[in-house]
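What follows is a set of notes on a single structure, which appears directly below.
In structure tokens:
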């Protein structure tokens, strides 16, 4: 082998290996978005602020923006509900199919008489849901929401997952919004799923 050929053999082999690696990566199927494949949500039976039993079937055909929290929450829950309300307002007419839903993680204190007026103070379209501890646990499990009491009664706090779940009219999970998302980001994130 000539000196010139041997000098270029190793770099050429390296370049061919890199090109083959790129070709292999391009041939792989694109990974699915995690949110597309994540199965969240499911059947629930809860009670709204008017004392009416509500199930997931009552919301068919509507987009839901769901938050799990509690009315005695000192800061995060009210700020999140306020942000949800602003996001709905920013969407204007596009938000006609969006129902904001608040599901308590403190059913012992958040009764029917309390939850309705509480959510109405944030937005007139809010639906507040409560139920027995077992019913709330079933709903939280369907959305993989963690919650646990912290402190002594009656002034305990409830540690809980602080995520917004955006569900489609068919009840399927579309996307989530992490704690701290702004109203603008939430509105922009929901807009592509809503009719003009």
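Numbering (the numbering used here), first residue to last: 2 to 197.
Even glycine gets a Cβ: it sits at the ideal position worked out from N, Cα and C.
- Residue environment for residue 77: exposed (fewer than 16 other C-beta atoms within 10 angstroms of its C-beta).
- The continuous beta strand (DSSP E) containing residue 149 extends over residues 148 to 151.
- By a beta-carbon distance limit of 8 Å, residue 111 does not contact residue 84. Their separation comes to about 20 Å.
- Rounded to whole angstroms, residue 185 and residue 149 show a C-alpha spacing of 30 Å.
- Under a 10 Å Cβ-count criterion, residue 93 is classified as exposed, with fewer than 16 other Cβ atoms of the shown protein chains found around its own Cβ.
- The three-state reading of DSSP puts residue 178 in strand, counting E and B together.
- With a 10 Å radius around the Cβ and a threshold of 16 neighbouring Cβ atoms, residue 129 comes out buried.
- The alpha-carbon of residue 192 is positioned some 12 Å away from that of residue 176.
- Here residue 81 carries a helix assignment [DSSP, helix/strand/coil].
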